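Written out as C-alpha cells, the structure reads:
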C-alpha cells in the first residue's frame, strides 16, 4: 500500500515530494511513504501468507505459481534467498520475467534471475530439464 502515493506515477510523485524523498520511500526497508506501508511491513504479511498457504502446497509436491506486485515479490525473495534488509533494497525485478525456485528437502533452490531476460537462467524449465539441471548441480557440489 503506497498510501498518499497510490495512483501517482514516478514522475508525478517526484514532482510533488522531491526525487530524493521518493527514492528513499521506494528503496528503504523500513521507511513507509505517507500513510503507506514500508517493505518491512509488507514483508510480514507476504511471508506469513507464503509460509502458511504456499509452502504446505510445495511440501505436498504441488507446483505453485506466484504473481504479485514488486514489494510482495521482494519480500518473498528476501525470505527464499535469505537476503538482509540491505540486500533486498538493491534487488531489481524485471516485469513479467519468471523466476523459478525448486523446493526440495525443505530448501528453496533458485533457478531464475531477476537481472533480465538475456540471462540464461531466467526462463522457466520443464520438469525434466529442471531434474537434469539439479543432477548436474549435485554432481558439481560433490566434486567441489
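Numbering (the numbering used here), first residue to last: 684 to 827.
Each residue gets a CB set at the ideal place from its N, CA and C atoms; glycine is no exception.
As the structure is a computational prediction, the values presented were derived from the model and not from experiment.
Beta-carbon contacts of residue 714 that lie in its chain and below 7 Å, excluding the five residues immediately before and after:
707, 708 and 721
Tell me whether the region 770 to 780 and the region 727 to 736 touch, counting them as touching only if at least three CB pairs, one residue from each stretch, are closer than 8 Å.
no
According to DSSP, is residue 761 part of a helix, a strand, or is it coil?
helix
Using 8 Å for Cβ pairs, my map puts residue 777 next to residue 726. What's the rounded Cβ distance?
The Cβ separation is near 20 Å, so there is no contact.
Does the Cβ-Cβ distance between residue 786 and residue 741 come in under 8 Å?
yes
Helix, strand or coil at residue 772 [DSSP, three-state]:
helix
Do you know how far the Cα of residue 689 is from the Cα of residue 719?
9 Å
Per-residue burial, residue 761 [other beta carbons within 10 Å of its own, 16 or more giving buried]:
buried
Cβ atoms of residue 793 and residue 764: under 8 Å apart, would you say?
yes
Compute the beta-carbon to beta-carbon distance between residue 712 and residue 695, rounded to the nearest angstrom, for a pair I have assumed lies under 8 Å.
Going by Cβ atoms, the distance from residue 712 to residue 695 rounds to 24 Å, so no, they are not a contact pair.
Whole angstroms is fine: what's the gap from residue 807's alpha carbon to residue 717's?
In this predicted model, residue 807 has a pLDDT of only 44, less than 50, meaning its place in the structure is not dependable; the value taken from the coordinates is given anyway. Going by the C-alpha atoms only, they are around 38 Å apart.
Ordered along the chain, which non-local residues of its own chain (more than five positions away) have a Cβ less than 8 Å from that of residue 743?
none
Quick check on DSSP: helix, strand or coil for residue 794?
coil
From the DSSP output, in three-state form, read off residue 693 for me.
helix
Backbone secondary structure at residue 685 - three-state DSSP
coil
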